[in-house]
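Visitor: In this note's numbering, the protein residues as written are 4 to 71.
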Amino acid sequence: MWREHMPNGMLLRSHWWATNLSDPRHDYGFERFFKDSQHEKGYPLPIEAFIDYGLWFQQRAVPHVEET
4 MWREHMPNGM
14 LLRSHWWATN
24 LSDPRHDYGF
34 ERFFKDSQHE
44 KGYPLPIEAF
54 IDYGLWFQQR
64 AVPHVEET
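1. Between which residues of its own chain and Y31 is the CB-CB distance below 6 Å, once the five residues before and five after are set aside?
2. Exposed or buried, which one is Y46 when buried takes at least 16 other CB atoms within 10 Å?
3. Quick one: give me the first and last residue of the alpha helix (DSSP H) that W59 is part of.
4. If you measure between the beta carbons of F36 and E43, is that distance less than 8 Å?
5. Determine which residues share a DSSP beta bridge with L24 and list them.
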């Protein structure tokens, strides 16, 4: 998996507000993720926050995904 091959402590150069996953109804953007999680808005964004956002998004938007 991608998340297992990224170095700990890596920081994303993209701003969090420009890194939302596709969500036509805008229900699962970073803004809501920050409200629902312990992560804080910031730049640069730690890779751990981005990975947690992806998992948070998947659990809410497409909960029946099998990891391969």
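Note that the Cβ used here is the ideal one computed from N, Cα and C, for glycine as well.
Quick caveat, the model's predicted, so the values are computed rather than measured.
Guide: To lay it out plainly:
1. F60, R63, A64
2. exposed
3. 50-64
4. no
5. The partner list for L24 (beta bridge, DSSP) is empty, contrary to what the question assumes.
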